[in-house]
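Inspection log for the structure reproduced underneath, given as structure tokens.
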Amino acid sequence: MQFAPPPASQTPLVANAFGYLVPGRPPQYSDSFQQIEPAKWSIDIDNSQQIRDVVVFLTQPLTVAGMGLSCYITGPPFEKWHFIGALTNECPSGVFRVRWPPDEGAPTAARLGVSIESLDLIAQQQASLPGTELVDFGKSVAKDLWNYLTSFEIMHQQGQFLLQYFDAWMKRFEEKCKRDPFWWLNRVD
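Residue numbers for the sequence shown follow our numbering, beginning at 36 and rising by one.
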């Protein structure tokens with residue numbers, strides 16, 4: 036977690052300003068977190084191998100404009116933090132999918148970290164989430180499909196009509212990927 040913390044006089048959080056919960060477990064509030072730097076907190080999560088999602092929320096608005104709360108997770112030895120999402124005043128809660136890299140496996144313990152960071156830095160980190168790659172992949176597949184379909188003569192006659200449906204499908208695909216980057220893994224046919 037790297038960031039430029041806000042000046043102490045502009046700390047955007049007060050007591051119990053945020054919290055988290057794992058579905059099926061009681062919520063934990065910021066007073067349960069350990070403050071590790073002026074604008075960073077962490078909390079240990081036991082029995083984490085079964086955790087798929089973590090819900091993080093603000094209990095009140097951040098008081099400094101241009102800042103948000105980035106959320107990270109790490110497993111033992113608690114050195115490599117993985118960005119999982121962020122909160123802002125416009126989006127004060129989030130359900131974040133916990134995906135461990137294949138080379139790390141699912142740890143028996145985890146640590147959730149939150150950090151006050153600039154909205155610019157948050158936007159950069161969100162662009163690197165796995166869902167972004169999936170949207171790019173989807174766009175490539177869609178473009179290939181469109182090129183194939185337009186190679187047929189019938190498409191030249193009805194292309195504009197079909198294009199609106201194709202664009203609507205692409206927007207729907209992008210929204211699905213934003214909500215759950217791995218939705219396609221959960222499908223049961």
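Every residue, glycine too, gets a C-beta built ideally from N, C-alpha and C.
Being a predicted model, the structure only gives us computed values, none of them experimental.
Which partner residues of residue i appear in the DSSP bridge assignment?
{"i": "G103", "result": "E152"}
{"i": "K211", "result": "Beta-bridge pairing links K211 to no other residue."}
{"i": "V91", "result": "Y55 and G129"}
{"i": "I108", "result": "H117 and L147"}
{"i": "Y64", "result": "G54"}
{"i": "K75", "result": "E72 and S150"}
{"i": "D81", "result": "A144"}
Nearest to residue i by CA position, among the options, is which residue?
{"i": "G120", "options": "F201, P112, D88 and A177", "result": "D88"}
{"i": "V176", "options": "E209, I86 and Q160", "result": "E209"}
{"i": "D155", "options": "V90, L180, W116 and M102", "result": "M102"}
{"i": "R214", "options": "W76, K174, Q161 and E152", "result": "Q161"}
{"i": "F201", "options": "K178, L164 and I157", "result": "K178"}
{"i": "L97", "options": "K206, I151, I78 and A158", "result": "I151"}
{"i": "V99", "options": "A74, P58, H117 and D81", "result": "A74"}
{"i": "A158", "options": "W135, L147 and F118", "result": "F118"}
{"i": "I80", "options": "E114, T143 and S153", "result": "T143"}
Just to check my reading of the structure: residue i and residue j have Cβ atoms closer than 8 Å, yes? What is that Cβ distance to the nearest angstrom?
{"i": "Q84", "j": "A52", "result": "Actually they do not touch by this definition, with Cβ atoms about 29 Å apart."}
{"i": "F68", "j": "C106", "result": "With 8 Å as the limit, F68 and C106 do not qualify as a contact, their Cβ atoms being about 12 Å apart."}
{"i": "V149", "j": "I86", "result": "Contact doesn't hold; Cβ gap of about 16 Å is too wide."}
{"i": "A145", "j": "G173", "result": "Between G173 and A145 the Cβ distance is about 30 Å, and since that is not below 8 Å, they are no contact."}
{"i": "G129", "j": "V91", "result": "6 Å"}
{"i": "Y55", "j": "L147", "result": "6 Å"}
Can you tell me whether residue i is buried or exposed, with buried defined as 16 or more other CB within 10 angstroms of its CB?
{"i": "A39", "result": "Note that A39 has pLDDT 42, beneath the 50 cutoff, so the model's placement of it is unreliable and no number is given."}
{"i": "L198", "result": "exposed"}
{"i": "E72", "result": "exposed"}
{"i": "W76", "result": "buried"}
{"i": "L93", "result": "buried"}
{"i": "L104", "result": "buried"}
Any 3 or more C-beta pairs closer than 8 Å across the stretch 55-73 and the stretch 121-129: Verdict: no, contact absent.
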